[in-house]
Amino acid sequence: MRQHFELGQFLRNRYKGFLNESYNRHEISVRSTDYDRTLMSAEANLAGLYPPSGQQVFNPNLKWQPIPVHTVPQSEERLLSFPLGDCPRYKQLMNETEHSEEFINVTNKYQDILELVKNKTGLTEVHVETVWSVYDTLFCESVHNMSAPDWVTPAVMEMLRELKDFGTKVFFGVYKQQEKSRLQGGMLLGEIVKNLSKMAVPDPTQQLKMMMLSAHDTTVIALQSSMDIFSGRQPPYASCHIFELYRDDNGSVSVSMFYRNDSTVDPYRLQLPGCSLDCPLDDFVRITKPSISDDRDKECKEPSKETGTEVIISLVVSSCLLLFLIILILGIICCQKSPMSTQGYHHVINQEAGEES
């Protein structure tokens, strides 16, 4: 809470003169995932960003004011919580990732530490993608000055950190990163690009100046991976990825990105690969487009299963058409054949004799 309160104060100073000094509900939109901790983070952040003054002070003994934070049920969250598990193709990609050379090499390299964790914790399933939860728990406890078990030495913690970083990266990269991005972090990137493009169009009635999203370290990783700018290290508490939209006097619009993961230094500037630090919006849209899906539901279907179904349908349709054609041809032949007359006689001309018989 202290870290997010400080981040709110940083944002207040950074955007002084741009944001209104007092809270204006038309200027800012805030959304969070439906978790207690992310909702509380957003509220702590807003307490630092908008300390009440003047008429907004409703209690002279309380330097705080309520500011709305919007959310959706976790079961409906498709924008801020990653990785999403509702995509068969993504699950197939994860299975393929586990058979990649890099994944196998890392698993073999850290097999001893994985076995140690399994034996010491009693967990039945310990592998590259799940060991992060062990490290996360130990790290949280260390931050709050709790003592660690004897087996958790600094060397063990460092190896667990390395495994944690790799295991997190596996969700969004290592293997077919761009396709994973289209099914995961690209959804958030697409929403950001859409909002940037919308805000770039001059509108005298537009009052919205800031969109704030409160989520998770995996959200930051998924987003940065979709732009191929993830450093490989877990974002610390109260990390902040900033997109800023600028319009020059000549009307040209550009996007700048900053990453604040250390309160003791200025935010780091981030550069989208293939573009300048101040990236023209048109270039930003063009470069990020391959990581943004136009139809995620369609792309989430497993190619193998989809192909097999299409083959079966094609065979059935072809067989029906062939049968129909055979019946049609037989029908035409039968119609053209003259029926044999069973009543009376008809004359046959003898060509040679020129007589009728």
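Under our numbering, the first residue of the sequence shown is numbered 29, with each subsequent residue one higher. Here a beta-carbon is modelled for each residue, glycine too, at the ideal position from N, C-alpha and C.
Status (buried if at least 16 other CB within 10 Å, exposed otherwise) for residue i
| i | result |
| --- | --- |
| Gly45 | exposed |
| Ile132 | exposed |
| Met238 | exposed |
| Ser81 | exposed |
| Lys226 | exposed |
| Lys326 | exposed |
| Val221 | buried |
| His269 | buried |
| Trp179 | exposed |
| Pro405 | In the structure displayed, the chain extends from 29 to 385; residue 405 sits before or after that span and is not available. |
| Arg117 | buried |
| Thr61 | buried |
| Tyr151 | Before going on, a small fix: residue 151 reads as Leu here, not Tyr. So Leu151 counts as exposed. |
| Glu71 | buried |
| Leu236 | exposed |
| Arg314 | exposed |
| Met255 | buried |
| Asn73 | buried |
| Thr181 | exposed |
| Ser170 | exposed |
| Ser209 | buried |
| Arg324 | buried |
| Val58 | buried |
| Val154 | buried |
Residues of its chain near residue i, where Cβ-Cβ distance is below 6 Å and the 5 sequence neighbours each way are ignored
| i | result |
| --- | --- |
| Gly382 | Bear in mind that a pLDDT of 47 at Gly382, under 50, signals an unreliable position, so the number given afterwards is only what the model happens to contain. Excluding positions up to five away in sequence, the list is empty. |
| Met368 | Low confidence applies to Met368: its pLDDT is 47, below 50, so where it sits in the model is not reliable enough to give any reading. |
| Glu330 | Pro116, Arg117 and Gln120 |
| Ala250 | Phe110, Phe200, Gln212 and Gly213 |
Close beta carbons around residue i, own chain, < 7 Å, minus the five adjacent residues each side
| i | result |
| --- | --- |
| Ser16 | Residue numbering for the chain in the displayed model covers 29 to 385; residue 16 lies beyond these limits and cannot be assessed. |
| Gln299 | Leu305 |
| Pro318 | Gln206 |
| Glu34 | Gly76 and Ser291 |
| Ala266 | Gln31, His32 and Leu35 |
| Leu387 | The question about residue 387 has no answer here: the residues shown for the chain are numbered 29 through 385. |
| Gly336 | Per-residue confidence for Gly336 stands at a pLDDT of 48, beneath the threshold of 50, marking its modelled position as unreliable; the derived number appears in the next sentence. Hits under 7 Å: none found. |
| Pro231 | Residue identity check: residue 231 is Asp in the sequence provided, not Pro. Once the five neighbours on either side are set aside, Asp231 has no close Cβ partner at all. |
Host beta strand (DSSP E) of residue i (start-end)
| i | result |
| --- | --- |
| Arg275 | Cys268 to Arg275 |
| Val293 | Where Val293 is concerned, there is no enclosing beta strand (DSSP E), given that its DSSP letter is neither H nor E. |
| Ile320 | Segment: none, Ile320 is in no beta strand (DSSP E) and carries neither H nor E. |
| Phe86 | Unbroken run through Phe86: none, as it is neither H nor E. |
| Arg106 | That residue, Arg106, is in no beta strand (DSSP E); it is neither H nor E in DSSP. |
| Ser57 | Ile56 to Ser60 |
| Tyr118 | Counting along the chain, Tyr118 falls outside any beta strand (DSSP E), though it belongs to the alpha helix (DSSP H) covering Pro116 to Thr125. |
| Leu305 | Here Leu305 belongs to no beta strand (DSSP E), and DSSP marks it neither H nor E. |
Proximity winner among the options, relative to residue i (alpha-carbon distances)
| i | options | result |
| --- | --- | --- |
| Gln37 | Leu108, Leu191 and Ala75 | Ala75 |
| Arg261 | Asn278, Leu241, Ser242 and Tyr287 | Tyr287 |
| Gln252 | Gly218, Gln234, Lys326 and Ser280 | Gly218 |
| Ala183 | Ile141, Glu157 and Ile320 | Ile141 |
| Thr158 | Leu39, Phe167 and Lys146 | Lys146 |
| Lys137 | Leu107, Val162, Phe194 and Lys148 | Phe194 |
| Ser103 | Met255, Gln83 and Tyr63 | Tyr63 |
| Glu85 | Tyr274, Asn41 and Tyr51 | In the sequence as presented, Glu is not what sits at residue 85; that position holds Val. Ranking the options by Cα distance to Val85, first place goes to Tyr51. |
| Met187 | Thr246, Ser282 and Val156 | Val156 |
| Thr233 | Leu35, Glu55, Gln31 and Arg40 | Glu55 |
| Pro264 | Ser291, Arg297 and Val134 | Ser291 |
| Arg30 | Met68, Leu47 and Arg40 | Met68 |
| Asn41 | Thr66, Phe33 and Leu77 | Leu77 |
| Tyr203 | Asn289, Pro96, Glu129 and Arg59 | Glu129 |
| Ala243 | His98, Tyr43, Pro88 and Asn87 | His98 |
| Leu309 | Ser280, Asn289, Val293 and Arg297 | Ser280 |
| Ile257 | Asp294, Cys303, Ser57 and Val100 | Cys303 |
| Val134 | Thr316, Glu190 and Tyr43 | Glu190 |
| Thr316 | Leu241, Leu224, Asp277 and Asp276 | Leu224 |
| Glu105 | Asn173, Thr247 and Glu143 | Thr247 |
| Pro79 | Pro101, Glu49 and Thr66 | Glu49 |
Residue i: first and last residue of the uninterrupted alpha helix (DSSP H) it sits in
| i | result |
| --- | --- |
| Phe131 | Glu129 to Lys137 |
| Phe194 | Pro182 to Phe200 |
| Tyr43 | No alpha helix (DSSP H) holds Tyr43; DSSP gives it neither H nor E. |
| Leu251 | Asp245 to Ser254 |
| Ser161 | Trp160 to Val171 |
| Leu211 | Gln205 to Leu211 |
| Ser50 | Where Ser50 is concerned, there is no enclosing alpha helix (DSSP H), given that its DSSP letter is neither H nor E. |
| Met240 | Element bounds for Met240: not the alpha helix (DSSP H) but the beta strand (DSSP E), Met238 to Ser242. |
Close Cβ partners of residue i (< 8 Å) along its chain, the five nearest in sequence each way excluded
| i | result |
| --- | --- |
| Glu272 | Val283, Ser284, Met285 and Phe286 |
| Thr149 | Val162 |
| Gly372 | At Gly372, the pLDDT of 45 sits below 50, so the modelled position is not reliable; the number obtained from the coordinates is stated separately. Nothing listed; no residue qualifies. |
| Ser321 | Arg210, Leu211, Gly214, Met215, Gly218 and Glu327 |
Is the region 114–133 in contact with the region 190–206, if contact means three or more CB pairs nearer than 8 Å?
Taking a cut-off of 8 Å on C-beta distances, the region 114–133 touches the region 190–206, as three or more cross pairs fall below it.
With contact counted as at least three CB pairs below 8 Å, one residue from each stretch, are the region 207–216 and the region 103–118 in contact?
yes
The region 150–165 contacting the region 83–93, beta-carbon criterion three pairs below 8 Å
The region 150–165 is not in contact with the region 83–93.
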